[in-house]
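S.K.:
Residue numbers (this note's numbering): 2 to 297.
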């Protein structure tokens, strides 16, 4: 079921009549199928019952407007701020395969093009996979952005520490640090990320003025409710400040966004919609829901 399919089916469902129990039962099935999760779905359906009674919904268009208004209450969004007077550090998290390293390259391009950040450095903190280091170096070459790295198997926390130190020496404004995303051993992952987080905090505390430090989690739009579980694990490990929704195209259902925001209270910061470096935008709740509900 794609985004258009969700909106189209919602409008078709309205033909049953919102006053019938069958409508609400099928709506529950549709929202769960759209990756919204059972808890969020039940809450949304209950609220829609009240909304339709209060507003006397009389058309498919009115129903879509009502759904958008209700779902917008659940979703949080917002870009992390760039502090022009301090070093800005984004620690980018995510499971392998979510598009994490590519998202880092897109963020570098976006911040230079759209946010006026002239000096960006990439840090290859995913030392577990040699391919991840090579991939980041390739992005750096294509973008003309400096990359700080060490050999395979190096201590990720030490690599990122050196990256921050190097960025300060070069007077660069934004550090984008990659991290490992292996999930087969949750304890190792959590411990590694907690160590990196502690090292970064200690490093920025060493300098007068500190630094503007944010942790961004990349989730794949096609993974459904697995994205919620990933967000729970990473948030528990280091505290996530914002999310990047990657691979959001016509195949993605999108309900996971609602579920993560409502269950964890975390905002979505960016959305990736293609393979080009320019295919990333700030997450816009209104535009996202227009696409999800096929409101044009």
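Backbone N, C-alpha and C fix where the C-beta goes; we use that ideal spot for every residue, glycine too.
Counting only the same chain and skipping the five closest in sequence on each side, list residues whose C-beta sits under 6 Å from that of residue 235.
M.R.: Locating residue 235 in the chain shown gives position 234, where the first residue counts as 1. Within the same chain, residue 235 has close Cβ partners 94, 218 and 241.
S.K.: Use the C-beta contact count for residue 55: other C-beta atoms within 10 angstroms, 16 or more gives buried, fewer gives exposed.
M.R.: To locate residue 55, count along the chain shown from 1; it is residue 54. Exposed: under 16 other Cβ atoms inside 10 Å.
S.K.: Between 140, 144 and 246, which has its C-alpha nearest residue 285's C-alpha?
M.R.: Taking the first residue of the chain shown as 1, we reach residue 285 at position 284. The candidate whose alpha carbon is nearest that of residue 285 is 246.
S.K.: Considering only residues of the same chain and omitting the five flanking positions on each side of residue 198, which have a CB-CB separation below 6 Å?
M.R.: By one-based count along the chain shown, residue 198 stands at place 197. Its chain contains 239 as the residues whose beta carbon lies nearer than 6 Å to that of residue 198, once the 5 sequence neighbours on both sides are disregarded; these appear in chain order.
S.K.: I'd like to know if residue 285 contacts chain B, where contact means its C-beta is closer than 9 Å to some C-beta of that chain.
M.R.: Although the question refers to chain B, the structure presented lacks it and comprises just one protein chain.
S.K.: Figure out for me which residue from 222, 108, 49 and 101 has the closest Cα to the Cα of residue 81.
M.R.: Taking the first residue of the chain shown as 1, we reach residue 81 at position 80. Selected option, being the one with the closest Cα: 108.
S.K.: Measuring alpha carbon to alpha carbon, tell me which of 243, 177, 34 and 262 ends up nearest residue 88.
M.R.: Within the chain shown, residue 88 is the residue found at index 87, counting from 1. Here the closest residue by C-alpha is 177.
S.K.: Check the C-beta distance from residue 305 over to residue 67 and give it rounded, since I have them as a contact under 8 Å.
M.R.: Shown here, the chain extends from 2 to 297; a query on residue 305 therefore has no answer.
S.K.: Here's a check: name, in chain order, each residue in its chain whose Cβ is nearer than 8 Å to the Cβ of residue 104, leaving out the five neighbours to either side.
M.R.: Position 103 of the chain shown, counted from the first residue, corresponds to residue 104. Only 93, 95, 219, 245, 247, 271, 273 and 281 meet the Cβ criterion.
S.K.: Give me the Cα-Cα distance between residue 98 and residue 256, rounded to the nearest whole angstrom.
M.R.: As a position in the chain shown, residue 98 is number 97, starting the count at 1. As a position in the chain shown, residue 256 is number 255, starting the count at 1. Whole-angstrom Cα-Cα distance: 20 Å.
S.K.: Who are the Cβ neighbours of residue 37 in its own chain at under 8 Å, not counting the five residues just before and after it?
M.R.: Walking along the chain shown from the start, residue 37 turns up at place 36. Result list for residue 37: 45, 256, 257, 259 and 260, in chain order.
S.K.: Going by CA-CA distance only, name the one from 183, 116, 24 and 149 that's closest to residue 130.
M.R.: In the chain shown, residue 130 corresponds to position 129, counting from 1. It is 183 whose Cα lies nearest to the Cα of residue 130.
S.K.: Report the three-state DSSP secondary structure of residue 4 (helix, strand or coil).
M.R.: On the chain shown, position 3 is the one that residue 4 refers to. With a pLDDT of 48 at residue 4, under the threshold of 50, the modelled position of that residue is not reliable, and no figure is offered here.
S.K.: Bridge partners of residue 282, per DSSP?
M.R.: For the purposes of this step, residue 282 is identified with residue 281 of the chain shown, where counting begins at 1. Bridge partners of residue 282: 272.
S.K.: Can you tell which of 114, 144, 116 and 156 has its C-alpha closest to the C-alpha of residue 125?
M.R.: The count along the chain shown starts at 1 and reaches residue 125 at position 124. Here the closest residue by C-alpha is 156.
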